[in-house]
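Q: After the structure tokens below, expect a handful of questions from me.
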Amino acid sequence: MKGQLRIGSTLKIFNQADRRHYKAEVRGIAAGFFIICPPVWGEKELPLSPGSWWPSCLIGADALYYFKARVLGSCKIPSPGYIVQKPGTVRRLQRREYVRVSCSLNATYRAVDEISAHREGEHFNEIYPAEGERGEPAVVVDLSGGGLKMVTREFIPPRSRLIIYLYLENEAEGHRVEGRVVRVVPITHGSWKRYRIGVMFKTNSQFRERIIRYLFTVMQRRIRDCYS
-6 MKGQLRIGST LKIFNQADRR HYKAEVRGIA AGFFIICPPV WGEKELPLSP
44 GSWWPSCLIG ADALYYFKAR VLGSCKIPSP GYIVQKPGTV RRLQRREYVR
94 VSCSLNATYR AVDEISAHRE GEHFNEIYPA EGERGEPAVV VDLSGGGLKM
144 VTREFIPPRS RLIIYLYLEN EAEGHRVEGR VVRVVPITHG SWKRYRIGVM
194 FKTNSQFRER IIRYLFTVMQ RRIRDCYS
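Mind the numbering: the sequence shown is residues -6 to 221 in our numbering, read in order.
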């Protein structure tokens, strides 16, 4: 976290009582501590008692830094806030264009050419398989706003265009995703053989935002589990 802690940096503090992340700004930095303004969520302020520990995340320019913040006390100068001890142990999570999270989600897929054989004259973006045409099963093992990795029984050639129905946790209805295969890796264990298929999305920004919101929900839950 050295070099990332600056005046004006944003800190998120997780409150286990209401399961919310409160936002605070770094107002001052010294040798062994830094000062933050009172953490808030909307109009609600989170009081921090001296000696308490809080799961926290510093949003850096290159990464997210997770640590447990120990509150040393409060202060009133130059403005009301809290004195926080600089952490000794920090977990760094690289920031990317799209956050990528390992997962295990059900999906089905069909090759576009296979569907087009029954629907000649339709463009890629106009192909909407009926419920019974959603195709072969797969398991999504890695997901981001820009693509996914899924494990399949059959080999799918690189550059194949796919329509995938992705089922997020606790959702019965699948999300329709359009994508192109960019990588294929065989997986073998004795006679058992599968394929890890890397897919780059060709879909609208609204779906990407839905995926990103879901991924951050998963990340926050995993962080809470680490500290609970």
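No residue lacks a Cβ here, since even glycine has one placed at the ideal position from N, Cα and C.
Let me know the secondary structure DSSP gives F60 once reduced to three states.
A: Here F60 sits in strand by DSSP.
Q: Could you check where the beta strand (DSSP E) with V192 kicks off and where it finishes?
A: Here the beta strand (DSSP E) through V192 covers 185 to 194.
Q: What number of angstroms, rounded off, separates the C-alpha of M212 from the C-alpha of I28?
A: Distance between the alpha carbons of M212 and I28 is about 26 angstroms.
Q: Helix, strand or coil for Y222? Go by DSSP, reduced to three states.
A: An answer regarding residue 222 cannot be provided, because it is not within the stretch -6 to 221 covered by the chain.
Q: Have a look at I190 and E171 and give me their C-alpha separation to the nearest angstrom.
A: I190 and E171: Cα-Cα distance of roughly 14 angstroms.
Q: Do you know how far the Cα of W185 is from the Cα of R169?
A: Using only the alpha carbons, I get a separation of about 29 angstroms.
Q: Report the residue from Q(-3), S49, S2 whose alpha carbon sits nearest the alpha carbon of Y15.
A: Closest by alpha carbon: S49.
Q: Tell me the DSSP secondary structure of F200 in three-state form.
A: Looking at F200 - three-state DSSP - the assignment turns out to be helix.
Q: Name the two residues that bound the continuous beta strand (DSSP E) containing G172.
A: Unbroken beta strand (DSSP E) run through G172: 168 to 182.
Q: Using 8 angstroms for Cβ pairs, my map puts F60 next to R93. What's the rounded Cβ distance?
A: Not a contact, Cβ separation roughly 22 angstroms.
Q: Over what stretch of residues does the beta strand (DSSP E) that includes V132 continue unbroken?
A: Residues 129 to 136.
Q: State the start and end residues of the unbroken beta strand (DSSP E) segment that holds A165.
A: That residue, A165, is in no beta strand (DSSP E); it is neither H nor E in DSSP.
Q: Using the Cβ count rule (16 or more neighbours within 10 Å means buried), how would you classify P151?
A: Burial call: exposed.
Q: Ignore the nearest five residues each way along the sequence and tell me which others in C30's own chain have a CB closer than 6 angstroms to its CB.
A: Around C30: A17, E18, R20, G74.
Q: Quick check on this structure: which residue in C96, S72, I0 has the alpha carbon closest to the alpha carbon of S137?
A: It is C96.
Q: Considering only residues of the same chain and omitting the five flanking positions on each side of R63, which have a CB-CB separation below 6 angstroms?
A: Closer than 6 angstroms at Cβ, skipping near neighbours: W46, Q78.
Q: Using beta-carbon positions only, say whether L51 and L86 come within less than 8 angstroms of one another.
A: For L51 and L86, no; Cβs fall outside 8 angstroms.
Q: When we look at the beta-carbon of S42 and count the other beta-carbons within 10 Å, is it buried (16 or more) or exposed?
A: Its Cβ having fewer than 16 others within 10 Å, S42 is exposed.
Q: Looking only at its chain, what residues have a beta carbon closer than 8 angstroms to the beta carbon of L161, apart from the 5 residues adjacent to it on each side?
A: Only L98, H168, Y207 meet the Cβ criterion.
Q: Would you list the one or two residues that DSSP bridges to E18?
A: The partner list for E18 (beta bridge, DSSP) reads T3.
Q: By the three-class DSSP mapping on this structure, what secondary structure does L208 have?
A: Of the three classes helix, strand and coil, the one that applies to L208 here is helix, per DSSP.
Q: Is it true that the CB of Y102 sits closer than 8 angstroms to the CB of L155?
A: For L155 and Y102, yes; Cβs fall inside 8 angstroms.
Q: Can you grab the Cα-Cα spacing for the pair G81 / R(-1), in whole Å?
A: Cα-Cα distance, rounded: 17 angstroms.
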